[in-house]
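Numbering (this note's numbering), first residue to last: 5 to 179.
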(Lines of atoms letter the chains of each structure in order from A and count residues from 1; the text may use other names and numbers.)
(Lines give C-alpha, C1' and ligand atoms only; values in the text may rest on other atoms or scores of the structure.)
Protein backbone atom coordinates (compact mmCIF):
# COMPACT_ATOMS: atom_id res chain seq x y z
CA UNK A 1 0.00 0.00 0.00
CA UNK A 2 1.22 3.49 -0.82
CA UNK A 3 0.74 5.45 2.41
CA UNK A 4 1.34 8.91 0.95
CA UNK A 5 -1.62 8.61 -1.40
CA UNK A 6 -4.38 11.03 -0.39
CA UNK A 7 -7.71 9.46 0.57
CA UNK A 8 -10.91 11.35 1.30
CA UNK A 9 -13.33 10.61 4.11
CA UNK A 10 -17.01 11.46 3.72
CA UNK A 11 -19.57 11.57 6.52
CA UNK A 12 -19.11 7.96 7.66
CA UNK A 13 -16.20 6.71 9.78
CA UNK A 14 -15.94 2.93 10.08
CA UNK A 15 -14.34 1.33 13.15
CA UNK A 16 -14.01 -2.24 14.36
CA UNK A 17 -16.72 -3.38 16.75
CA UNK A 18 -14.12 -3.92 19.47
CA UNK A 19 -13.63 -0.12 19.70
CA UNK A 20 -17.30 0.84 20.16
CA UNK A 21 -17.33 0.87 23.98
CA UNK A 22 -14.06 2.84 24.13
CA UNK A 23 -15.48 5.50 21.80
CA UNK A 24 -18.77 5.80 23.68
CA UNK A 25 -17.01 5.94 27.07
CA UNK A 26 -14.58 8.64 25.88
CA UNK A 27 -11.50 6.43 26.34
CA UNK A 28 -10.86 6.50 22.58
CA UNK A 29 -10.78 10.11 21.36
CA UNK A 30 -8.98 9.59 18.07
CA UNK A 31 -8.46 7.18 15.24
CA UNK A 32 -5.15 6.78 13.48
CA UNK A 33 -5.33 5.82 9.81
CA UNK A 34 -2.52 4.81 7.48
CA UNK A 35 -1.89 7.39 4.78
CA UNK A 36 -2.99 10.96 4.26
CA UNK A 37 -6.73 11.23 4.92
CA UNK A 38 -8.52 14.49 4.10
CA UNK A 39 -11.88 15.05 5.75
CA UNK A 40 -14.76 16.56 3.83
CA UNK A 41 -16.83 17.29 6.95
CA UNK A 42 -16.32 18.21 10.62
CA UNK A 43 -19.22 16.06 11.84
CA UNK A 44 -19.18 12.33 11.14
CA UNK A 45 -21.34 9.32 11.90
CA UNK A 46 -19.21 6.54 13.39
CA UNK A 47 -20.18 2.98 12.53
CA UNK A 48 -18.97 -0.04 14.49
CA UNK A 49 -20.18 -3.59 14.82
CA UNK A 50 -22.36 -3.18 11.73
CA UNK A 51 -24.41 -0.19 12.93
CA UNK A 52 -24.16 3.55 13.58
CA UNK A 53 -22.93 4.16 17.13
CA UNK A 54 -22.18 7.87 17.49
CA UNK A 55 -22.16 11.26 15.90
CA UNK A 56 -18.80 12.95 16.45
CA UNK A 57 -17.28 16.37 15.88
CA UNK A 58 -13.72 16.36 14.55
CA UNK A 59 -11.58 18.56 16.80
CA UNK A 60 -8.18 18.13 15.17
CA UNK A 61 -6.48 16.40 12.24
CA UNK A 62 -2.73 15.84 12.25
CA UNK A 63 -0.29 14.10 9.93
CA UNK A 64 2.84 12.30 11.11
CA UNK A 65 5.21 9.62 10.02
CA UNK A 66 4.89 6.30 11.86
CA UNK A 67 8.31 6.89 13.47
CA UNK A 68 7.01 10.16 14.99
CA UNK A 69 4.05 8.57 16.80
CA UNK A 70 4.13 8.94 20.59
CA UNK A 71 2.62 7.27 23.64
CA UNK A 72 0.25 10.25 23.87
CA UNK A 73 -0.98 9.60 20.30
CA UNK A 74 -1.55 5.97 21.31
CA UNK A 75 -3.52 6.97 24.43
CA UNK A 76 -5.78 9.26 22.36
CA UNK A 77 -6.52 6.23 20.18
CA UNK A 78 -7.39 4.12 23.23
CA UNK A 79 -4.12 2.20 23.54
CA UNK A 80 -1.77 2.06 26.52
CA UNK A 81 1.38 2.95 24.58
CA UNK A 82 2.97 3.35 21.17
CA UNK A 83 3.98 -0.32 20.94
CA UNK A 84 0.39 -1.47 21.47
CA UNK A 85 -0.78 1.03 18.84
CA UNK A 86 1.81 -0.15 16.31
CA UNK A 87 0.71 -3.77 16.81
CA UNK A 88 -2.90 -2.79 16.10
CA UNK A 89 -1.88 -0.81 13.01
CA UNK A 90 0.15 -3.77 11.69
CA UNK A 91 -2.80 -6.07 12.32
CA UNK A 92 -5.11 -3.73 10.39
CA UNK A 93 -2.82 -2.73 7.51
CA UNK A 94 -0.08 -5.35 7.28
CA UNK A 95 3.45 -4.07 6.85
CA UNK A 96 4.02 -0.52 8.08
CA UNK A 97 7.26 1.36 7.54
CA UNK A 98 8.67 4.09 9.82
CA UNK A 99 8.48 6.60 6.93
CA UNK A 100 4.81 5.88 6.15
CA UNK A 101 2.39 8.72 6.88
CA UNK A 102 -0.53 8.35 9.24
CA UNK A 103 -3.48 10.63 9.86
CA UNK A 104 -4.56 11.25 13.45
CA UNK A 105 -8.23 12.23 13.54
CA UNK A 106 -9.23 13.55 16.97
CA UNK A 107 -12.92 13.78 17.82
CA UNK A 108 -15.50 14.25 20.54
CA UNK A 109 -18.76 12.34 20.75
CA UNK A 110 -21.64 14.78 20.40
CA UNK A 111 -24.38 12.17 20.27
CA UNK A 112 -24.46 8.57 21.46
CA UNK A 113 -26.67 6.83 18.92
CA UNK A 114 -27.16 3.84 21.22
CA UNK A 115 -29.24 6.11 23.48
CA UNK A 116 -31.75 7.48 21.01
CA UNK A 117 -35.10 8.26 22.60
CA UNK A 118 -38.20 7.09 20.68
CA UNK A 119 -40.39 9.96 21.94
CA UNK A 120 -38.25 12.60 20.18
CA UNK A 121 -38.90 13.42 16.52
CA UNK A 122 -36.46 11.48 14.32
CA UNK A 123 -35.17 9.76 17.50
CA UNK A 124 -33.33 12.96 18.37
CA UNK A 125 -31.38 13.02 15.10
CA UNK A 126 -31.38 15.78 12.51
CA UNK A 127 -33.44 14.99 9.38
CA UNK A 128 -30.21 14.98 7.34
CA UNK A 129 -28.70 12.34 9.64
CA UNK A 130 -31.75 10.11 9.23
CA UNK A 131 -31.47 10.54 5.46
CA UNK A 132 -27.75 9.70 5.48
CA UNK A 133 -28.35 6.55 7.51
CA UNK A 134 -31.18 5.47 5.22
CA UNK A 135 -29.01 6.03 2.14
CA UNK A 136 -26.20 4.08 3.77
CA UNK A 137 -28.21 1.06 4.92
CA UNK A 138 -31.44 0.97 2.88
CA UNK A 139 -30.54 2.37 -0.54
CA UNK A 140 -30.98 -0.99 -2.29
CA UNK A 141 -34.64 -1.05 -1.16
CA UNK A 142 -35.49 2.41 -2.53
CA UNK A 143 -36.64 3.68 -5.89
CA UNK A 144 -34.98 6.62 -7.66
CA UNK A 145 -37.47 9.20 -6.36
CA UNK A 146 -36.91 8.12 -2.75
CA UNK A 147 -33.15 8.28 -3.22
CA UNK A 148 -33.47 11.76 -4.77
CA UNK A 149 -35.59 12.99 -1.85
CA UNK A 150 -33.17 11.66 0.76
CA UNK A 151 -30.13 12.95 -1.13
CA UNK A 152 -31.65 16.43 -1.24
CA UNK A 153 -32.57 16.18 2.44
CA UNK A 154 -28.90 15.52 3.30
CA UNK A 155 -28.13 18.92 1.74
CA UNK A 156 -31.00 20.99 3.14
CA UNK A 157 -31.62 19.29 6.53
CA UNK A 158 -35.21 20.48 6.05
CA UNK A 159 -38.18 18.37 4.98
CA UNK A 160 -40.02 21.59 4.10
CA UNK A 161 -37.19 22.94 1.89
CA UNK A 162 -36.73 19.58 0.16
CA UNK A 163 -40.48 19.33 -0.53
CA UNK A 164 -40.56 22.78 -2.09
CA UNK A 165 -37.39 22.18 -4.14
CA UNK A 166 -38.46 18.79 -5.50
CA UNK A 167 -42.26 19.04 -5.64
CA UNK A 168 -42.95 22.76 -5.95
CA UNK A 169 -45.00 23.07 -2.78
CA UNK A 170 -45.57 21.39 0.56
CA UNK A 171 -48.89 19.80 -0.41
CA UNK A 172 -47.31 17.60 -3.08
CA UNK A 173 -44.96 15.86 -0.66
CA UNK A 174 -47.74 13.47 0.39
CA UNK A 175 -48.40 12.12 -3.12
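Even glycine gets a Cβ: it sits at the ideal position worked out from N, Cα and C.
Just to confirm the assignment, what range does the alpha helix (DSSP H) spanning residue i have?
| i | result |
| --- | --- |
| residue 153 | 148-160 |
| residue 1 | Here the chain has residues from 5 to 179 only, and residue 1 is not among them. |
| residue 139 | 131-141 |
| residue 166 | 163-171 |
Taking 8 Å as the cut-off, decide whether the C-beta atoms of residue i and residue j are in contact.
| i | j | result |
| --- | --- | --- |
| residue 113 | residue 37 | no |
| residue 26 | residue 20 | no |
On the three-state DSSP scale, how would you describe residue i?
| i | result |
| --- | --- |
| residue 67 | strand |
| residue 84 | coil |
| residue 31 | coil |
With distances taken from CA atoms, which of the options is nearest residue i?
| i | options | result |
| --- | --- | --- |
| residue 111 | 95, 65, 96 | 65 |
| residue 108 | 120, 79, 131, 130 | 79 |
Mark residue i as exposed unless 16 or more other C-beta atoms lie within 10 angstroms of its C-beta, in which case mark it buried.
| i | result |
| --- | --- |
| residue 52 | buried |
| residue 136 | buried |
| residue 182 | Within the shown structure, residues of the chain are numbered from 5 to 179, placing residue 182 beyond reach of any answer. |
| residue 12 | exposed |
Return the first residue and the last residue of the beta strand (DSSP E) that residue i is part of.
| i | result |
| --- | --- |
| residue 105 | 105-116 |
| residue 127 | Careful: residue 127 lies outside any beta strand (DSSP E) and carries neither H nor E. |
| residue 42 | 40-43 |
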